[in-house]
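Report on one structure; see the data block that follows.
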Amino acid sequence: MTSVLTQPRPIRLKGRSFLALSLSPELPFADWLARLDDLASRSTGFFMRRPVVLDIAGLDVDRAQLRDLVEQLGVRHVRIMGIEGARPSLLDSSLPPAMTDGRTTSDIEAPVAAEQAAADNAAVGKSVAASPPPPARSVPSLVVTEPVRSGQSLIFIEGDVTIVGSVASGAEIVAGGSIHVYGTLRGRALAGTMGNSSARIFCRKMEAELVAIDGYYKAAEDLDPGLRGKAVQFWLEGDTFKFGSLA
Amino acid sequence: MGKVIVVTSGKGGVGKTTSSAALGAALAHDGAKVVVVDFDVGLRNLDLIMGAERRVVYDLVNVIQGEAKLTQALIRDKRLETLYLLPASQTRDKDNLTAEGVEKVINALKSVFDWVICDSPAGIERGATLAMRHADIAIVVTNPEVSSVRDSDRIIGLLDSKTVKAESGERMEKHLLLTRYDPARAERGDMLKVDDVLEILSIPLLGIIPESMDVLRASNLGTPVTLADQRSVPSVAYFQAARRLNGEDIPMIIPGEKRGFFGKMFGRKAA
Chain A
1 MTSVLTQPRP
11 IRLKGRSFLA
21 LSLSPELPFA
31 DWLARLDDLA
41 SRSTGFFMRR
51 PVVLDIAGLD
61 VDRAQLRDLV
71 EQLGVRHVRI
81 MGIEGARPSL
91 LDSSLPPAMT
101 DGRTTSDIEA
111 PVAAEQAAAD
121 NAAVGKSVAA
131 SPPPPARSVP
141 SLVVTEPVRS
151 GQSLIFIEGD
161 VTIVGSVASG
171 AEIVAGGSIH
181 VYGTLRGRAL
191 AGTMGNSSAR
201 IFCRKMEAEL
211 VAIDGYYKAA
221 EDLDPGLRGK
231 AVQFWLEGDT
241 FKFGSLA
Chain B
248 MGKVIVVTSG
258 KGGVGKTTSS
268 AALGAALAHD
278 GAKVVVVDFD
288 VGLRNLDLIM
298 GAERRVVYDL
308 VNVIQGEAKL
318 TQALIRDKRL
328 ETLYLLPASQ
338 TRDKDNLTAE
348 GVEKVINALK
358 SVFDWVICDS
368 PAGIERGATL
378 AMRHADIAIV
388 VTNPEVSSVR
398 DSDRIIGLLD
408 SKTVKAESGE
418 RMEKHLLLTR
428 YDPARAERGD
438 MLKVDDVLEI
448 LSIPLLGIIP
458 ESMDVLRASN
468 LGTPVTLADQ
478 RSVPSVAYFQ
488 AARRLNGEDI
498 PMIIPGEKRG
508 FFGKMFGRKA
518 A
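Top to bottom, those sequences are chains A and B. 207 is the number that the numbering used here gives to position 207 of the first sequence; each next residue is one higher, with no gaps. 302 is the number that the numbering used here gives to position 55 of the second sequence; each next residue is one higher, with no gaps.
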């Protein structure tokens, strides 16, 4: 049987990162759960509606133990969205999916400490209130002054990437903001990957294998052959990929 | 303390072993004490190119595993008494190389020799990464064609990240050796031109070795081309590359091009 494609519009897939709490249980789980209950009793609903990732790196547990722990946490309204640090063989479809490449942000303070900190702040409330409001956060940027070599993947989701040099065939630049290449762009450039459709790609000499903005992409074959070797910029207008000369 | 050179490329068949032997012989011919180390465990070739295949008793793996002393495994060249070979094992594989073992051998060699030339296997796996690990200088051997250039680019990235020098925040000294260069084909556009390769790889040029029957003939005779016929075109190119390694400033010659063009190539340094 053949299915007819009535919708010619492509499915859009985008990478996106979110902040989640990471819980690191310790063995034996019964003791650890007791300590967790103690924490929860002082702050009801601390875990409610928060995405939680279970970090079991270094723990020697089997699948039954892990499943039991996830259930126990579920009873306590701690919903596990993913498991980090588990052997691939340990996880099956009955368990949350594996998560990798997590990055640490500032520690989230446990409720007790948070209350204490609030009290401290109240004590010095006057001086805090007197300080001027922090300036608006500037958009970070990354400047690379060396060529990006084949096989290297430069990922900077926080903002713009500027490369003073060339990007080799087989190299990849992934930026949350715009990408500027002051050399030849021979590899791939993926700008605005965190959902920023106003990001652009600029290069002094266009030989790219692939360019993408906010999930929309064009492979070299789909690009106007007249662009090769030129100074070009790419941007999005609605759903359409636009390009223009930079000369 | 001697200097450690890795001769590497990523891609196979571009001339790493031929260049290791030729440069080693050229440096030794000029009086330096040189050892060429074959890192291609399991697929050794350097002994053949250097004509020492019938004298191999112990090898690099034996030394690393403590089955032989370094002095037992080193083979002295019959033509040049300051040239030595440390052969690879043909019966083992690259898993027999350990990081600590390689470090010990390299340190021992560099306390005795002026130059330790590590002939890397192709690829980017264990053998290749261990060969480059302790190098002070890298010679990236590249043919003027796109796949070789891209593989070399990948290797340069690894040289800048996976070596002891890179990890301690220093810069690895890298040189490009363009081999199997055919001026007629480059002129016709069948082959990348020197400038194209330099533009992509952006590392300084050490030498250009022309495609030549002399190289093939010398390899089959088991003689490094720089010992076979010192006046042949590839031999002269290798000798000049060796002198540039020693810090001499010698104008670059593109094989087969007219003299007028040489001036442009003088003192070329890539960005």
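Where a beta carbon is used, it is the ideal one built from N, C-alpha and C, also for glycine. The model shown is predicted, which means the values in this text are computed figures rather than measured ones.
With 16 other Cβ atoms within 10 Å as the buried cut-off, status of residue i
i, result
"Gly170 (chain A)", "buried"
"Gly259 (chain B)", "exposed"
"Asp496 (chain B)", "exposed"
"Glu372 (chain B)", "exposed"
"Asp342 (chain B)", "exposed"
"Pro391 (chain B)", "buried"
"Ala268 (chain B)", "buried"
"Asp37 (chain A)", "exposed"
"Pro498 (chain B)", "exposed"
"Gly262 (chain B)", "buried"
"Arg279 (chain A)", "No answer is possible for residue 279 (chain A): the residues shown for chain A start at 1 and end at 247."
"Gly238 (chain A)", "exposed"
"Gly454 (chain B)", "buried"
"Thr376 (chain B)", "buried"
"Arg291 (chain B)", "buried"
"Ala262 (chain A)", "With chain A covering 1 to 247 only, the question about residue 262 (chain A) has no answer from this structure."
"Lys412 (chain B)", "buried"
"Arg401 (chain B)", "buried"
"Met297 (chain B)", "buried"
"Thr473 (chain B)", "buried"
Euclidean distance between Cα positions of residue i and residue j
i, j, result
"Ser367 (chain B)", "Phe286 (chain B)", "5 Å"
"Cys203 (chain A)", "Gly183 (chain A)", "7 Å"
"Pro88 (chain A)", "Arg63 (chain A)", "11 Å"
"Thr193 (chain A)", "Ala369 (chain B)", "35 Å"
"Leu332 (chain B)", "Phe486 (chain B)", "19 Å"
"Leu33 (chain A)", "Ser449 (chain B)", "58 Å"
"Met438 (chain B)", "Ser394 (chain B)", "11 Å"
"Pro25 (chain A)", "Glu172 (chain A)", "37 Å"
"Glu300 (chain B)", "Val349 (chain B)", "22 Å"
"Ile179 (chain A)", "Arg418 (chain B)", "26 Å"
"Ser256 (chain B)", "Ser415 (chain B)", "23 Å"
"Asp277 (chain B)", "Val483 (chain B)", "13 Å"
"Val254 (chain B)", "His381 (chain B)", "12 Å"
"Ala431 (chain B)", "Gly313 (chain B)", "51 Å"
"Thr345 (chain B)", "Lys351 (chain B)", "10 Å"
"Thr426 (chain B)", "Glu458 (chain B)", "7 Å"
"Lys421 (chain B)", "Leu356 (chain B)", "21 Å"
"Arg464 (chain B)", "Gly249 (chain B)", "31 Å"
Per DSSP, cross-strand counterpart(s) of residue i
i, result
"Leu424 (chain B)", "B:Val388, B:Gly454"
"Ala219 (chain A)", "A:Leu210"
"Gly82 (chain A)", "A:Val53"
"Glu237 (chain A)", "A:Thr240"
"Asn22 (chain A)", "The residue you asked about is not Asn; residue 22 (chain A) is Ser in the sequence shown. A:Val53."
"Glu172 (chain A)", "A:Ser153, A:Arg188"
"Leu91 (chain A)", "According to DSSP, Leu91 (chain A) bridges with nothing at all."
"Phe202 (chain A)", "A:His180, A:Gln233"
"Leu142 (chain A)", "A:Val161"
"Thr255 (chain B)", "B:Val387"
"Ile322 (chain B)", "B:Leu332"
Three-state class that DSSP yields for residue i in the structure shown
i, result
"Val288 (chain B)", "coil"
"Ser367 (chain B)", "coil"
"Ile497 (chain B)", "coil"
"Ala98 (chain A)", "strand"
"Lys357 (chain B)", "helix"
"Asp31 (chain A)", "helix"
"Thr473 (chain B)", "helix"
"Leu534 (chain B)", "Residue coverage of chain B in this structure runs from 248 to 518, which leaves residue 534 (chain B) outside it and unanswerable."
"Val303 (chain B)", "coil"
"Lys250 (chain B)", "strand"
"Leu333 (chain B)", "strand"
"Gly410 (chain B)", "It should be pointed out that residue 410 (chain B) corresponds to Thr in this sequence rather than to Gly. If DSSP states are grouped into helix, strand and coil, Thr410 (chain B) belongs with coil."
"Val480 (chain B)", "helix"
"Ser466 (chain B)", "helix"
"Ser394 (chain B)", "helix"
"Val283 (chain B)", "strand"
Chain B contacts made by the stretch 138-155 of chain A, where a contact means CB separation under 7 Å: Pro147, Arg149, Ser150, Gly151, Gln152
Residues in the stretch 154-181 of chain A having any Cβ partner in chain B nearer than 9 Å: Gly165, Ser166, Ala168, Ser169, Gly170, Ala171
Contact residues within the stretch 285-311 of chain B, judged by C-beta distance below 9 Å to chain A: none
Short-range partners of chain A found in the stretch 394-410 of chain B, where Cβ spacing is below 7 Å: Arg397, Asp400, Arg401, Ile403, Gly404
Within 8 Å of chain A by C-beta, residues of the stretch 432-459 of chain B in sequence order: Glu446, Ile447, Ser449
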